[in-house]
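A short worksheet on the structure shown next.
Chains as they are written, first to last, in the working numbering: chain B, 1 to 118; chain E, 1001 to 1114.
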């Protein structure tokens, strides 16, 4: 069965701290895709990154970095030197590549609410 | 500009009063989906469509209907809304296929059923 777990419901940090958001997934497919989305207080979903299951290279984009480890089925997200504007709900999601993938359905985790205080 | 639009953005209604949330995309995408977002549950797929006149149930379809008469539009219909359908709704679209494709989301529709 497919599942995404974000065990951290809420995280609160002080500005300039580093913070890691955890994501653990379950799938039986060998080909799958992993995503992170940001949902600021305004409510829209902002796409951050997608990775496929064959690419385990870590990725860095400015203050954001992602650590993909197939051995532990994890796709963690780190924000370095957090800022108040990083305050949002962050979702990790999984999409399977199987033929019956329900129109590219995304399976979302529960979300982690990050609060960055000045 | 490539986008998915939804209307209305906010809606307060009463139990049993039929409503439609519209969704339109301008990217000629084959795949479209509706999701609902609830606290502690993340987003869950309600219905999806893989092309015109091809729709199917997602994970939480009860109480909803959809149609896909044109490629760009994918309305979500609540024939008899109930308070448990109070939620934040997102429409999404992407190109067809099994590859690593980005899913484009609309801005969301916040629905309250009293």
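By construction, the Cβ of each residue, glycine as well, lies at the ideal position given by its N, Cα and C atoms.
Residue span of the beta strand (DSSP E) that contains residue i, given as start and end
i	result
residue 1090 of chain E	1087 to 1094
residue 1021 of chain E	1019 to 1025
residue 92 of chain B	88 to 96
residue 1054 of chain E	1054 to 1057
residue 9 of chain B	From DSSP, residue 9 of chain B is part of no beta strand (DSSP E); its letter is neither H nor E.
residue 1115 of chain E	Beyond the ends of chain E as shown, which are 1001 and 1114, falls residue 1115 of chain E; an answer cannot be given.
Residue i and residue j closer than 7 angstroms at C-beta
i	j	result
residue 1082 of chain E	residue 1015 of chain E	yes
residue 1060 of chain E	residue 1046 of chain E	yes
residue 20 of chain B	residue 76 of chain B	yes
residue 1106 of chain E	residue 1021 of chain E	no
residue 1063 of chain E	residue 1048 of chain E	no
residue 1093 of chain E	residue 1032 of chain E	yes
residue 1099 of chain E	residue 108 of chain B	no
residue 1096 of chain E	residue 1030 of chain E	yes
residue 80 of chain B	residue 18 of chain B	yes
residue 95 of chain B	residue 24 of chain B	no
residue 22 of chain B	residue 1 of chain B	no
residue 39 of chain B	residue 85 of chain B	no
residue 1052 of chain E	residue 1065 of chain E	no
residue 29 of chain B	residue 104 of chain B	no
Residue environment, residue i, which counts as buried when at least 16 other CB atoms sit within 10 Å
i	result
residue 1102 of chain E	exposed
residue 47 of chain B	exposed
residue 1026 of chain E	exposed
residue 119 of chain B	Residue coverage of chain B in this structure runs from 1 to 118, which leaves residue 119 of chain B outside it and unanswerable.
residue 58 of chain B	exposed
residue 9 of chain B	exposed
residue 27 of chain B	buried
residue 72 of chain B	exposed
residue 1010 of chain E	exposed
residue 101 of chain B	buried
Beta-bridge partners of residue i, as assigned by DSSP
i	result
residue 1043 of chain E	E:1037
residue 945 of chain E	Since the first residue of chain E shown is 1001 and the last is 1114, residue 945 of chain E is not available in this structure.
residue 1006 of chain E	E:1023
residue 115 of chain B	B:12
What are the start and end residues of each continuous beta strand (DSSP E) run of 3 or more residues lying completely inside the segment 19 to 81 of chain B, in chain order?
DSSP runs (the beta strand (DSSP E)) wholly in the segment 19 to 81 of chain B: 19 to 21, 24 to 26, 32 to 39, 46 to 52, 59 to 61, 64 to 69, 74 to 79.
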